[in-house]
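K.L.:
What the sequence shown shows, in the working numbering, is residues -12 to 408, in sequence order.
We put the beta carbon where it would ideally sit given N, CA and C, even for glycine.
Let me give you the structure first, and then I'll get to my questions.
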Amino acid sequence: MARIQIPRGTQDILPGAVEQWQYIEAKAREHFRCYNYREIRTPMFEHTELFQRGVGETTDIVEKEMYSVRNPRSEDQLTLRPENTAGVVRSYVENKMYGSPNQPTKLYYIGPMFRHERPQAGRLRQFTQIGAETFGSSDPAIDAEVIAMVFRFFEKMGLKGLRVDLNSVGTREDRARHRSYLLDFLNNVRSELCEDCQSRIDRNPLRVLDCKNEKCKALTKDAPSLLAYLSEESAAHFAAVQRYLTDLGIPFVVDNRLVRGLDYYTLTAFEIKMAEIGAVETLCGGGRYNGLVAELGGDDMPGIGFAFGVERLLLALEKQGIQLPVEEGIDCYLVLQTSEAKAQAFRLLDELRQAGISAEMDYLDRKMKAQLKAADRLSARFTAIIGEAELANGTVVLKEMATGEQREIPAGELVQAIRGH
Ligand code: HAM
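Structural data, given as structure tokens:
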């Protein structure tokens, strides 16, 4: 029979690698708790309309990258979530979280997202985001806090040389003011721009500034900057975000061409980058989205958040040669010299595990030497050997592998002896 392979752009995360994932997830939870964030878990699929309205009809994500399904027996048009801001906003509105006495509402999530992209290093079709969203405050200090929270997390993981690119994409009104100037400029160079950009001019001209094509970049180098068209209020907000970041010593550069690939952003937009990880360099993206809650049927509540890809973080760590301090190995391996000792060992094993000590024994009828080898391969901290004499005396020979030190103890004291170390 032909073998079935894993779908393109997806990964199996196997033991040996999964410990790093668990470490990152545990550290993220711990870190976010310090900022008073709580976890939210929303479904992995939502009504397609949520992303059409939330992320935006003319974005690459909605136009080209969504995995949508329709069950033939129902009317529902559903989509595997390509990102989670829209889902969290939906849940925030649906569960009336704006009514909670704890405000602002601070939520984080960890989970898989799905986009039909061309797979390459750091770009997958199923990838894992760790993200956070805050609702209910327009205070620029919250913008800085959100950026600082993820920046400090990357620092905790040991990453160096990170760069925060920061921009303000203004309010809807700011963008409307800027639009005609931008259109004048773009229409002048229209025929020289790539095909994608030509169509973007008509549908979403700001996105032209985000084109990765070198020729388009050069042609739009002097395009009118949105920053010059911000209202006084928007400009003051942006200045305050920068002041707070400077106060905290978070390094950033203002990049007036930073336009994120999702339509919901207002005011602050940011990305955290590291010199080239695989084919991509962006570790994290985020920003403010003050119109989104209302757009999805809620009251006019401000929001801001970010998400980063765990796969990209792992690539970045690898690239910088950073080893996460993950714990591997088991506490104790029971080695049997004679098969008569098996029942006794099996009971001991149960006792150890009940005491929270990780323990293993042989289930393959291996000779003692092979059992010791197996213990070694599992990086067991201790071996407890039960031979004929020990079986008769009700003892075990406990050996600490690191020191080679060994002594005979009553089997009933095994838990204590291991704990005592
Ligand atoms: P995004 O920029 O589309 O933003 O994605 C955020 C991060 O997810 C990226 O910086 C990258 O690390 C990771 N990522 C995205 N696509 C892929 C992929 N195909 N393969 C691997 N990793 C990927 C958002 O998703 C927004 N929801 C972020 C946000 C939250 N804005 C406000 N709140």
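Hey, would you say A294 sits closer than 8 Å to G118, going by beta carbons?
P.N.:
Numbered from 1 along the sequence shown, position 307 holds the residue referred to as residue 294. Numbered from 1 along the sequence shown, position 131 holds the residue referred to as residue 118. A contact, by the Cβ cut-off of 8 Å.
K.L.:
How about I373 and L321: are their beta carbons less than 8 Å apart?
P.N.:
On the sequence shown, residue 373 is found 386 positions in, with the first residue counted as 1. On the sequence shown, residue 321 is found 334 positions in, with the first residue counted as 1. Yes, Cβ-Cβ distance for I373 and L321 is below 8 Å.
K.L.:
Which residues bound the alpha helix (DSSP H) around P127?
P.N.:
Numbered from 1 along the sequence shown, position 140 holds the residue referred to as residue 127. Residues 127 to 144.
K.L.:
Pick helix, strand or coil for D363, following the three-state DSSP scheme.
P.N.:
Counted from its first residue, the sequence shown places residue 363 at position 376. Note: D363 maps to helix in three-state DSSP.
K.L.:
Can you tell me whether N71 sits near the ligand HAM, meaning its C-beta is under 7 Å from at least one heavy atom of the ligand?
P.N.:
On the sequence shown, residue 71 is found 84 positions in, with the first residue counted as 1. Yes, Cβ of N71 sits closer than 7 Å to a heavy atom of the ligand HAM.
K.L.:
Taking 8 Å as the cut-off, does the stretch 308 to 319 touch the stretch 357 to 374 (at least 3 CB pairs, one atom from each stretch)?
P.N.:
Because the criterion of three Cβ pairs below 8 Å is met, the stretch 357 to 374 and the stretch 308 to 319 touch.
K.L.:
Which first and last residues belong to the alpha helix (DSSP H) in which L401 is found?
P.N.:
As a position in the sequence shown, residue 401 is number 414, starting the count at 1. Start and end: 401 to 406.
K.L.:
Can you tell me whether Q116 sits near the ligand HAM, meaning its C-beta is under 7 Å from at least one heavy atom of the ligand?
P.N.:
The residue given as residue 116 occupies position 129 in the sequence shown. Yes, the Cβ of Q116 comes within 7 Å of a heavy atom of the ligand HAM.
K.L.:
Tell me A371's beta-bridge partners as DSSP assigns them.
P.N.:
On the sequence shown, position 384 is the one that residue 371 refers to. Answer is L321, L385, bridged to A371.
K.L.:
Which runs of the alpha helix (DSSP H), 4 residues or longer, sit entirely within the stretch 145 to 190?
P.N.:
Entirely contained in the stretch 145 to 190, the alpha helix (DSSP H) runs reaching 4 residues are, in chain order, 159 to 176, 182 to 190.
K.L.:
Taking 7 Å as the cut-off, is the CB of G157 close to at least one heavy atom of the ligand HAM?
P.N.:
On the sequence shown, residue 157 is found 170 positions in, with the first residue counted as 1. Not so, every heavy atom of the ligand HAM lies at least 7 Å from the Cβ.
K.L.:
Any contact between the stretch 42 to 60 and the stretch 249 to 257? By contact I mean 3 or more CB pairs, one from each, below 8 Å.
P.N.:
Touching, yes.
K.L.:
What do you reckon, are the CB atoms on L111 and T(-3) nearer than 8 Å?
P.N.:
For this step, residue 111 is matched to residue 124 along the sequence shown. For this step, residue -3 is matched to residue 10 along the sequence shown. Yes, the pair counts as a contact, with Cβ atoms nearer than the cut-off.
K.L.:
Is L111 near the ligand HAM, going by C-beta to nearest heavy atom under 7 Å?
P.N.:
Here residue 111 refers to the residue found at position 124 of the sequence shown. Yes, since a heavy atom of the ligand HAM falls inside the 7 Å radius drawn around the Cβ of L111.
K.L.:
Going by DSSP, what residue range makes up the alpha helix (DSSP H) through Y350?
P.N.:
Against the sequence shown, residue 350 aligns to sequence position 363. Taken as a continuous stretch (DSSP letters only), Y350 belongs to no alpha helix (DSSP H), as it is neither H nor E.
K.L.:
Keeping to the same chain, check which residues put their C-beta closer than 7 Å to that of E338; ignore five residues upstream and five downstream.
P.N.:
Start at 1 with the first residue of the sequence shown, and residue 338 comes out as number 351. V402, listed in sequence order.
K.L.:
Tell me which residues share the same chain as V49 and place their Cβ nearer than 7 Å to its Cβ, disregarding the 5 neighbours each side in the sequence.
P.N.:
Working through the sequence shown from its first residue, we reach residue 49 at position 62. So the qualifying residues of the chain are F38, Q39, V42, G43.
K.L.:
Report the rounded CA-to-CA distance for F101 versus G123, giving the unit in angstroms.
P.N.:
As a first step, residue 101 is located in the sequence shown; it is residue number 114 there, counting from the start. As a first step, residue 123 is located in the sequence shown; it is residue number 136 there, counting from the start. So the two alpha carbons sit approximately 28 Å from each other.
K.L.:
Determine whether the beta carbon atoms of S218 and E160 lie at a separation below 8 Å.
P.N.:
Against the sequence shown, residue 218 aligns to sequence position 231. Against the sequence shown, residue 160 aligns to sequence position 173. It is a contact, given that the beta carbons lie within the stated cut-off.
K.L.:
With C-beta atoms as the reference, is E54 less than 8 Å away from L67?
P.N.:
Numbered from 1 along the sequence shown, position 67 holds the residue referred to as residue 54. Numbered from 1 along the sequence shown, position 80 holds the residue referred to as residue 67. As written in the sequence, residue 54 is Tyr, which differs from the Glu given in the question. For Y54 and L67, yes; Cβs fall inside 8 Å.
K.L.:
Check the DSSP bridge columns for L67 and list the partner residues they point to.
P.N.:
For this step, residue 67 is matched to residue 80 along the sequence shown. According to DSSP, L67 bridges with F32.
K.L.:
Once DSSP output is grouped into helix, strand and coil, what is the label at A294?
P.N.:
As a position in the sequence shown, residue 294 is number 307, starting the count at 1. Correct three-state label for A294: strand.
K.L.:
Kindly indicate the opening and closing residues of the beta strand (DSSP E) around S61.
P.N.:
Walking along the sequence shown from the start, residue 61 turns up at place 74. Where S61 is concerned, there is no enclosing beta strand (DSSP E), given that its DSSP letter is neither H nor E.
K.L.:
Hey, would you say the C-beta of A294 is under 7 Å away from at least one heavy atom of the ligand HAM?
P.N.:
Numbered from 1 along the sequence shown, position 307 holds the residue referred to as residue 294. Because some heavy atom of the ligand HAM lies under 7 Å away, the Cβ of A294 counts as near it: yes.
K.L.:
On the three-state DSSP scale, how would you describe E378?
P.N.:
Here residue 378 is taken as the residue at index 391 of the sequence shown, counted from 1. This sequence places Leu at residue 378; Glu is not what is there. L378 falls in the helix class under three-state DSSP.
K.L.:
Could you check what DSSP says for C271 in three-state terms: helix, strand or coil?
P.N.:
The count along the sequence shown starts at 1 and reaches residue 271 at position 284. The answer is strand: DSSP assigns C271 an E or B state.
K.L.:
Flag this pair as yes or no: are the beta carbons of S167 and S221 separated by less than 8 Å?
P.N.:
Counting from one through the sequence shown, the residue named residue 167 turns up at place 180. Counting from one through the sequence shown, the residue named residue 221 turns up at place 234. It is not a contact, given that the beta carbons lie outside the stated cut-off.
K.L.:
If you drop the 5 nearest sequence neighbours on each side, which residues of the same chain put their C-beta closer than 7 Å to that of L279?
P.N.:
The residue you call residue 279 lines up with position 292 of the sequence shown. Contacts found: G41, V76, Y251, G290.
K.L.:
What is the DSSP secondary structure of L235, reduced to helix, strand or coil?
P.N.:
In the sequence shown, the residue the question calls residue 235 occupies position 248. In this structure, L235 counts as helix in the three-state DSSP scheme.
K.L.:
Go ahead and label K83 buried or exposed: buried means 16 or more other beta carbons lie within 10 angstroms of its beta carbon, across all protein chains shown.
P.N.:
The residue given as residue 83 occupies position 96 in the sequence shown. Exposed, because fewer than 16 other Cβ atoms sit within 10 Å of the Cβ of K83.
K.L.:
According to DSSP, simplified to helix, strand and coil, what is K93?
P.N.:
The residue given as residue 93 occupies position 106 in the sequence shown. The answer is strand: DSSP assigns K93 an E or B state.
K.L.:
By the DSSP assignment, the alpha helix (DSSP H) with A332 in it spans what residues?
P.N.:
Within the sequence shown, the letter at position 345 stands for residue 332. It spans 329 to 341 - the alpha helix (DSSP H) in which A332 sits, taken as one unbroken run.
K.L.:
Who are the Cβ neighbours of L378 in its own chain at under 8 Å, not counting the five residues just before and after it?
P.N.:
Your numbering for residue 378 matches position 391 in the sequence shown. Cβ within range, chain order: T325, E327, A328, Q331.
K.L.:
Apply the 10 Å Cβ neighbour rule to I309 and answer buried if 16 or more other Cβ atoms are within range, or exposed otherwise.
P.N.:
Taking the first residue of the sequence shown as position 1, residue 309 is located at position 322. With fewer than 16 other Cβ atoms within 10 Å, it is exposed.
K.L.:
Assign F333 to one of two classes, buried (16 or more other C-beta atoms within 10 Å of its C-beta) or exposed (fewer than that).
P.N.:
Indexing the sequence shown from 1 puts residue 333 at position 346. Burial call: exposed.
K.L.:
Considering only their Cβ atoms, is the gap separating Q358 from L385 smaller than 8 Å?
P.N.:
Translated into positions along the sequence shown, residue 385 becomes position 398. Translated into positions along the sequence shown, residue 358 becomes position 371. No, the pair does not count as a contact, with Cβ atoms beyond the cut-off.
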